[in-house]
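Residue numbers (this note's numbering), protein chains in the order written: chain A, -6 to 386; chain B, -6 to 386; chain C, -6 to 386; chain D, -6 to 386. From the three backbone atoms N, C-alpha and C, an ideal C-beta is built for every residue, glycine too. Inspection log for the structure reproduced underneath, given as structure tokens.
Structure, rendered in structure tokens:
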């Protein structure tokens, strides 16, 4: 075993950290509280800076326009970027576009790559991923209701999706739909590309989530497909491969997410430390002199550190041994890191007193929106069952 | 001991519960998501219905316009009303007006009662209470900075307050200010009535809290006093009595708060039960068939029940033995019930999956805004110290 | 509602508290570390003092030799006695004898009362209750394997039991055995009295539990019935009434247990307070000056207080409204109080540092043996399911 | 970074695991429940087997009789051995002898090595370490009371120690005593070798801990030095170097302990898995089919995995970067792993129902004795303060 990080990577992480500290954190609240489309030009300018530094799109290879990092390197970058809500977007590796890019890269046809992947990698367009449905429990794929039926050379799609993140302003949606209801559980669905200017694609609303309707990239929509017709060739991979492709997306996506959450943890811990050091409670005593605060700092720090090396180990295993060997860890880190994050953010918020409740600082945003981490991509309870059943075998 | 609730009270609680279920819960989200001043007329109409039923202002005696309930009865009513964010407002016993009324009733001059208390009880005007300051730790009263200096027949007030709840649209503010900086810790401050149309009173902003700027009654402002001059007679009680009066407000206020939180708990538990019973995860199995969900229900239920009788016991002790005898319980219930609420709301939210994150239902609102319960009126940590030190004596 | 305790009861509780403090706590460790039969005479002498004070056997009416307390009064007494492991025994209301007495009192024949109940109430003999089986999950009564078959005028009993508390030295065992395997789940078993000098009754061993084999009253045995023949008339109640009788025992038994656990909580909290006040960590600072310790005290205190009023409310409901109305509370308090106790004892132990690990003080005993509270009489998980299912109805 | 374990090490760990499974686990309870001196010959025979396999004393180099493993390799071995209470003893790397050996190896004189270290490494004698005192808080070294005064060529030692593990049967004790009370805090104490047959060395008692008095290696003694005279040359290192030497022992010792605890975690998790799979609760459903049990398995597994890589990272840092760089991690892992262990053991015990309370299986032993992990070598609270203060710098 060897826990060393190579010097070039350390330097690059430091460079990114500086960029985050100097360029992103100072404006993040303003960006989050603005209409996305109004501030998009400012974000675009920042993206240009990132491109100029050669740090653009670390999740994809240079051959298609990224800066090509390994999964573990990407994880470490994701941790740094995760410290601010605008980090991944500015570096061109934001969900769901990053996952959609990977999907198209691996399984798309040349035409699909040309038409959708290239501008997506380049940041010229955005995309969304239509999976979750309001009426059916996401944890059970057999319940999926949205469907696509082949009619001549076209798929006719019907169904309703929600939590379709970033649909507002996206140029296309990858829709997970049932294509063969009689097939076995994991072979009944497919992924199909739906351009959002298709007349059968209805944008219903941005769902108000934890007080924010959001807009543009920072939103989560409800959309509907009403006799939505797209060419047969818009399918990704083969018919019935939907869940298999979703699995492919899973491993790397999980690492990104978990490392992003750890970035949030690190930021929260740092905020807790710096605020409590300066907030005086008597003329010569600061909040950080209280043992209760010290306990929170110490408990948070070790939870973060332990979770972090576990995620890195998982990334290493996926890359060096294979996804199968890492499968149980991939589930474990999901619920574990999400819960670590909730505890850390909660302590950081409490340490700020009333200020922690306000949108004057970032913690309330983390507290509200990152609560979803215990729910999306499978709630804690589902992953725990999966892990336990594997261990019980 | 006797845990019986008299029949007339049971009936009245049932009547209030029906009103809450039929008139308030169906519109609460719409109200919360609207501008307060736009929906104020609808709320006024509901208030008229409450008055017609003889249930108006249960916290004050009939002699001044209320329906005069005992502290424990009021607690039980508060629990029912607490199930919806608009309950207390519609019944005329909302914070901070209820506390301000009690203060003026006990310590106000006849003129103050006539001018401020009467219309307040009647719901014709609203008020706010300026205590917390952005620059100083609220848990340490010796740090209070806002001050009032007597200049002839006028107090000249300077200072900045925040978390001045419901200041937006309030007709007056009761300001806690230092009147004698050289006095001992608990005798240095006074409470002074400041009409909000006073030119020295500056409304700065409604603070955005957990994603909501809010408006009107549902807001928390930052305000400033800049050489703000009010008549000498605007003081409540005697000079230096500020903290003593705050203490007076404390016991009953704590009971209201805790019972309101328990109302939120009950509502959350009910939402968890009803949703998980109907949300199917397979063709014949609902979420509520999962042991994990059952555990949450069982753990929540007993935490609520235990906390509830403890708060009622505290109310009983204040009324029948006196505040001194109840003092430690008054601190205990603060942190205990606030934490019970956080755990219950969190479980209820999680049981709703993605829906729980949305503003389509009430839980996200509870999750966001009631997080403050562990902070305002003294954070957990301060109350725990107080309780422990008493027990260590 | 009324939370007052009558003066006579307060006085009696104080009298019992004094007895516990002066006569029992000073010798409890010596008793626990001795062979029971060696110290039995000393305990007998203490029992005589209790009888002389008129405080003997509070769980049964004066007509059969007790001092006849109501369920709630008994609960309050149980709380005081629970502070020491020898409290209930010295006052003649120890499990399992107390429950067996109640059973015989309600359902025994005159002969059974004469032969077994009378000397039991008087403390002349001891008894045990054979329910749990090593090979079958106690939480599922349909799995019960021990059986009794009628052969002429005799029951022929076969089967193995363990956790048969206090079997060592008991004169009789009430055995729960299947008498009609074909009957429905809750009607298949009966309770039969088995004198322990019966040749078919085999005492196998005192089970070593958490490091203690124990002896006499303070032990938990494994016993076997091998073609054990007892007269037909040894059955309690009717054939098939076993589970119904067990239910009868349940409500009051639960109150005793929970209040005893709360006595343990109170004792632990008191030990934590008194030790940390005197243990110096610097020349002028004691352990109790640490905020971490203060947090534990404050968290423990409120958990204890809340649980306590909930148990008392449950006792009141059983007595004044009936067992059915209290059924869910009877389950709730089981897992709730057992967990409160575990948390309180754990904190108290930790606050004592290394000393807490030793048998020089009582806390390690609580820590070890009261861990069972979350298991016996139905583990947490079973009660939580029961409570949740009732609430889901 | 690289998480690979070399093949030779994997094979060796597997060999050790097999030995643990086949030779140690089957007899561990019998050994623990016997008088140590009676079973010592059996343990000696097992030690010979280990020596024959070339696996003896992995903590020290081959040059002095061990099999010379690196700190991280040793950690992985310690994890395997930790699964049974007799593992480290049988492999000759048991505390406190392992630490004492390392101390003498690094700082002992040639005579000390010859006389004490050699037979210690070889397992011919045992030793103990006298640090903790009953009257003073161990967390504050300035309070240390035991002292040694130079009188001619002899140290005259006076003082009382407890939790002197394995003193019963030890041939020598390394005593931490104040040699210069006027020196600064960390320079006032020294370590001195005291042969236990010295007339001034009084073995007072084996302290009964969590129900076990223990004997021989498996015991914790209280000892006293009464004008105990030893040659001046018995000092280890220089006068006043006591705390510095203790620090030296710290890093590696912490890794051993934490990995041993993780071995206990792993064993407990395995016991939970294997028992719940086979314990039927209905005719076709086992305990492991319950979601509550699955949750415990899943929560335990990830806590163990995360803690494990964190400890290994710490070991790597100590070896490859140096103790200073790892200092905060060395504190962090102490409280973190100890608490993970307590949670895992508690869940494993609960999953066994009544059986978990008995000494028929190992879990009750873990539950009782490993509770000390949160106390010895500095309680949680002290380490948390240390970690927080470092992070606050």
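Query                                                                                                                                                                                                     : Result
If I measure Cβ to Cβ from residue 207 of chain A and keep anything under 6 angstroms in the same chain, skipping five residues before and after, which residues do I get?                                : 199
State the DSSP-derived secondary structure class of residue 123 of chain A, mapped to helix, strand or coil.                                                                                              : strand
Looking at C-alpha atoms only, which residue of A:290, A:158 and A:355 is the closest neighbour of residue 214 of chain A?                                                                                : A:158
Could you give the first and the last residue of the continuous beta strand (DSSP E) run that contains residue 217 of chain C?                                                                            : 213 to 224
Whose C-alpha, out of A:4, A:77, A:37 and A:-3, is nearest the C-alpha of residue 258 of chain A?                                                                                                         : A:77
Just mark residue 306 of chain A as buried or exposed, buried being the case when its beta carbon has 16 or more other beta carbons within 10 Å.                                                          : buried
Looking at chain A, which residues of the stretch 360 to 383 of chain B have a Cβ within less than 9 angstroms of any of its Cβ atoms?                                                                    : 360, 361, 362, 364, 365, 367, 368, 369, 372, 373, 374, 377 and 378
Taking the continuous alpha helix (DSSP H) assigned at residue 288 of chain D, which residues delimit it?                                                                                                 : 284 to 313
With respect to the alpha helix (DSSP H) encompassing residue 158 of chain D, which residues constitute its N-terminal and C-terminal limits?                                                             : It is not in any alpha helix (DSSP H) - residue 158 of chain D instead sits in the beta strand (DSSP E) that spans 147 to 158.
How many angstroms separate the CA atom of residue 149 of chain A from the CA atom of residue 186 of chain A?                                                                                             : 12 angstroms
Taking 8 angstroms as the CB-CB cut-off, is residue 343 of chain C touching chain D?                                                                                                                      : yes
Between C:230, C:10 and C:-3, which lies nearest to residue 105 of chain C when the distance is taken from Cα to Cα?                                                                                      : C:230
Relative to the alpha-carbon of residue 73 of chain B, which residue among B:10, B:18 and B:131 has its alpha-carbon at the smallest distance?                                                            : B:10
With 16 other CB atoms within 10 Å as the buried threshold, where does residue 39 of chain D fall?                                                                                                        : buried
Going by DSSP, name the residue or residues bridged to residue 188 of chain C.                                                                                                                            : C:165
Given a cut-off of 8 angstroms, decide if residue 183 of chain A and residue 118 of chain A are closer than it, judged by their beta-carbon atoms.                                                        : no
Rounded to whole angstroms, what is the Cα-Cα separation between residue 219 of chain B and residue 155 of chain B?                                                                                       : 15 angstroms
Output yes or no for whether 8 angstroms exceeds the beta carbon distance between residue 160 of chain B and residue 121 of chain B.                                                                      : yes
Under 9 angstroms Cβ-Cβ, which residues of chain C neighbour residue 77 of chain D?                                                                                                                       : Those do not exist, as residue 77 of chain D stays about 18 angstroms from chain C at its closest Cβ, beyond 9 angstroms.
Here's the rule I'm using: 16 or more other beta-carbon atoms within 10 Å means buried, otherwise exposed. How should residue 19 of chain C be labelled?                                                  : exposed
Helix, strand or coil, according to DSSP, for residue 195 of chain B in the structure here?                                                                                                               : strand
Assess contact between the stretch 331 to 341 of chain B and the stretch 20 to 31 of chain C, defined as three or more Cβ pairs (one per stretch) separated by less than 8 angstroms. Is contact present? : no
Measure how close the beta-carbons of residue 59 of chain C and residue 52 of chain C come, nearest whole angstrom, since I'm counting them as under 8 angstroms.                                         : 6 angstroms
Could you please give the first and the last residue of the uninterrupted alpha helix (DSSP H) stretch that includes residue 333 of chain B?                                                              : 316 to 344
Buried or exposed for residue 85 of chain C, going by 16 or more other Cβ atoms inside 10 Å?                                                                                                              : buried
Go ahead and pull the three-state DSSP assignment for residue 140 of chain A.                                                                                                                             : strand
Quick one: what's got a C-beta closer than 8 angstroms to residue 102 of chain C's C-beta in the same chain, skipping five residues either side?                                                          : 226
How is the beta strand (DSSP E) around residue 94 of chain D delimited, first residue to last?                                                                                                            : Per DSSP, residue 94 of chain D belongs to no beta strand (DSSP E); it is in the alpha helix (DSSP H), 90 to 100.
If you check the beta carbons only, do residue 95 of chain B and residue 242 of chain B fall under 8 angstroms apart?                                                                                     : yes
Quick one: is the Cβ of residue 4 of chain A within less than 7 angstroms of any heavy atom of the ligand ATP?                                                                                            : The ligand ATP is not part of this structure, which contains no ligands at all.
Is it right to say residue 315 of chain D is buried, meaning 16 or more other beta carbons lie within 10 angstroms of its own, or is it exposed?                                                          : exposed
Identify the contact partners of residue 288 of chain B in chain D, using a Cβ-Cβ distance below 7 angstroms as the criterion.                                                                            : 285
Indicate the three-state DSSP secondary structure (helix, strand or coil) for residue -5 of chain B in the structure shown.                                                                               : strand
Residue ranges of each alpha helix (DSSP H) run of no fewer than 4 residues wholly in the stretch 44 to 96 of chain D, ordered along the chain?                                                           : 64 to 74 and 80 to 83
Does the structure place the stretch 364 to 383 of chain A close enough to the stretch 374 to 382 of chain B that three or more beta carbon pairs sit under 8 angstroms?                                  : no
Could you check where the beta strand (DSSP E) with residue 273 of chain C kicks off and where it finishes?                                                                                               : 273 to 275
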